[in-house]
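Student: Sharing a structure below in structure tokens format, with a few things to ask.
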Ligand code: SF4
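In our numbering, the protein residues as written are 14 to 452.
Spelled out as structure tokens, the structure:
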């Protein structure tokens, strides 16, 4: 039997694409293998958001080429965000790559794989279903699964490569999404995360203009699904209707991942984020007024072109005011092809970027530690995601990781009393079960 190996870099969207591609390859008679040296087809699903991720892909390609010069017969595929306008240069640099495929462009990979196994055109055509394997879904690997609902991004923030690589926003029909969720529920999935680069933009390009709230209602009626999450939010797209739906639909977790990126209006303008700090704070207030216990997570970029001490201080002030549950922070690095890389000087010295990173990380640790400490001796609902010999882990509705002892099975919802916390995770024991207390 032919074999494949997919190495996935980057975000949840890439993970979802890899699962879908794996499902397609399995339909063609291929089997997944853990090690790439045992695979007939090796796929690198790439990320371009940071140079570091691209460098990792280049180094893996070098290794695959070395193996090929030593006689290996593997087919090599590069897919994902590295494949775009720069592909001609990449083709010259890596002439041994067999297929280059942009995000969600599965057809070329599957055609190559079908040819290698003499799969008939009819079988291949049925799988591709008019392009993109519309009705082929990746088998879940546990009780949680990602479901892309909108691809691409129309926002064009000046520093960001995503719209150039993933294209314009394109929503999937609601019926297809609900079919996929039913399929996943039928294979044991309890928690669904709806994905989009700007997930609240979902539906604006569809004829009947459904939105995330429409999807929440549809999923509410699907047996087996206990929780719904959604990623990543864009403040300007987050309507009152969506916030209200999160508050009112019991399956939807009160968890918001809303990147603010900067706490300075002038910096936000240079980033072309499309909102002011006051508008962002108004959205947070609206969420907290409807759901006082909601978890709010954000992303911040430090050291963007021209970021002054005062602009950075405005970010620090915002973080202190809002007290996010988690702050993901990154230092700016120019991505070739973006507006910022062409027009704005990368003029904040690396030493300053590093200092600013440390300041934001310290604020994050402090606020997340304080939020987690408030849970000591309280009971939280956890979805068991792993259980190895009674030592289990899972997440709360607010997204915190919990480690605990349980006889419960993967996929079960259990109540856990928290007995120890750090800024990163919680530990505890099943509520009412003192014989299993960890501490
Ligand atoms: S909203 Fe901005 S940062 Fe997010 S994917 Fe779109 S362009 Fe990139």
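Note that CB positions come from ideal geometry on N, CA and C, so glycine has one too. From a predicted model like this one, the values you see are computed outputs, not experimental measurements.
Confirm, please, whether the CB-CB distance from residue 196 to residue 7 is below 8 Å.
Tutor: With the chain represented from 14 up to 452, any question about residue 7 goes unanswered, as that position is not in the structure.
Student: Which residue from 389, 307, 149 puts its Cα closest to that of residue 266?
Tutor: Residue 307 is the option with its Cα nearest to residue 266.
Student: Report the start-end ranges of each beta strand (DSSP E) in the segment 173–226 that is 3 residues or longer and not cut off at the edges.
Tutor: Qualifying beta strand (DSSP E) stretches, in chain order: 204–208.
Student: What do you reckon, is the C-beta of residue 349 under 7 Å from a heavy atom of ligand 1?
Tutor: Not under cutoff, so the answer is no.
Student: Mapping the DSSP letters down to three states, classify residue 363 as helix, strand or coil.
Tutor: Residue 363: helix per DSSP, three-state reduction.
Student: Please name the residue in 18, 243, 364, 160 whose C-alpha comes closest to that of residue 412.
Tutor: Looking at the Cα atoms, 243 is the closest of the given residues.
Student: Helix, strand or coil for residue 271 per DSSP?
Tutor: DSSP places residue 271 in coil when its eight states are reduced to three.
Student: Are the beta-carbon atoms belonging to residue 158 and residue 202 less than 8 Å from one another?
Tutor: Cβ distance < 8 Å, so residue 158 and residue 202 count as in contact.
Student: For residue 372, which residues from the same chain have a beta carbon less than 7 Å from its beta carbon, with the 5 sequence-adjacent residues on both sides left out?
Tutor: These residues qualify, in order along the chain: 329.
Student: Rounded C-beta distance between residue 38 and residue 151? I'm assuming under 8 Å.
Tutor: Between residue 151 and residue 38 the Cβ distance is about 11 Å, and since that is not below 8 Å, they are no contact.
Student: Is residue 169 buried or exposed, if buried means 16 or more other CB atoms sit within 10 Å of its CB?
Tutor: Under this definition residue 169 is an exposed residue.
Student: Grab me the residues of residue 422's own chain with a C-beta within less than 8 Å of its C-beta, minus the 5 sequence neighbours each way, in chain order.
Tutor: If we look at residue 422 and ignore the five residues flanking it on each side, its Cβ neighbours are 397, 400.
Student: Write down the C-beta distance between residue 69 and residue 34 rounded to the nearest angstrom, noting that I regard them as a contact closer than 8 Å.
Tutor: Going by Cβ atoms, the distance from residue 69 to residue 34 rounds to 19 Å, so no, they are not a contact pair.
Student: Whether or not the segment 42–57 and the segment 82–90 are in contact is what I'm after, with contact meaning three or more pairs of Cβ atoms, one per stretch, closer than 8 Å; do they touch?
Tutor: Touching, per the Cβ criterion.
Student: Any chance you could list the alpha helix (DSSP H) runs of at least 4 consecutive residues sitting entirely within the segment 335–405, in chain order?
Tutor: Qualifying alpha helix (DSSP H) stretches, in chain order: 352–356, 363–386.
Student: Buried or exposed for residue 302, going by 16 or more other Cβ atoms inside 10 Å?
Tutor: The residue in question, residue 302, is exposed, as its Cβ has fewer than 16 Cβ neighbours within 10 Å.
Student: Between which residues of its own chain and residue 125 is the CB-CB distance below 7 Å, once the five residues before and five after are set aside?
Tutor: Contacts found: 88, 111, 112.
Student: So, residue 175 versus residue 166, is the Cβ gap smaller than 8 Å?
Tutor: Yes, the Cβ-Cβ distance between residue 175 and residue 166 is below 8 Å.
Student: For residue 82, which of helix, strand or coil comes out of DSSP?
Tutor: Residue state, collapsed to three classes: helix.
Student: How is the beta strand (DSSP E) around residue 59 delimited, first residue to last?
Tutor: Segment 54–59, the beta strand (DSSP E) holding residue 59.
Student: To which residues of the same chain is residue 236 closer than 8 Å at the C-beta, ignoring the five residues directly before and after it?
Tutor: Once the five neighbours on either side are set aside, the close Cβ partners of residue 236 are 198.
Student: Roughly how many angstroms separate the alpha carbons of residue 44 and residue 129, rounded to a whole number?
Tutor: The straight-line gap from Cα to Cα measures roughly 14 Å.
Student: Report all residues for which the CB-ligand distance to some heavy atom of ligand 1 is below 6 Å; order them along the chain.
Tutor: In chain order, the hits are 166, 168, 169, 170, 173, 175, 176, 210, 211, 247.
Student: Do you know offhand how far residue 388's Cα is from residue 117's?
Tutor: Cα-Cα distance, rounded: 41 Å.
Student: Return the CA-CA distance between residue 25 and residue 208, expressed in angstroms with no decimal places.
Tutor: So the alpha carbons of these two residues sit roughly 8 Å apart.
Student: Under 8 Å by Cβ, that's how I've got residue 429 and residue 386 pegged, so tell me the actual separation to the nearest angstrom.
Tutor: 16 Å between Cβ atoms; not a contact.
Student: State the Cα-Cα distance for the pair residue 443 and residue 419, rounded to the nearest angstrom.
Tutor: Rounded to whole angstroms, residue 443 to residue 419 spans 7 Å at the Cα level.
Student: Please find out if some non-hydrogen atom of ligand 3 comes closer than 7 Å to the beta-carbon of residue 412.
Tutor: Ligand 3 is absent from the structure shown, which contains only ligand 1.
Student: Use the C-beta contact count for residue 182: other C-beta atoms within 10 angstroms, 16 or more gives buried, fewer gives exposed.
Tutor: Burial call: buried.
Student: How far does the beta strand (DSSP E) with residue 21 in it extend, from its first residue to its last?
Tutor: That run of the beta strand (DSSP E) goes 16–21.
Student: Identify the continuous beta strand (DSSP E) that holds residue 432 and give its terminal residues.
Tutor: Residue 432 -> beta strand (DSSP E) spans 426–434.
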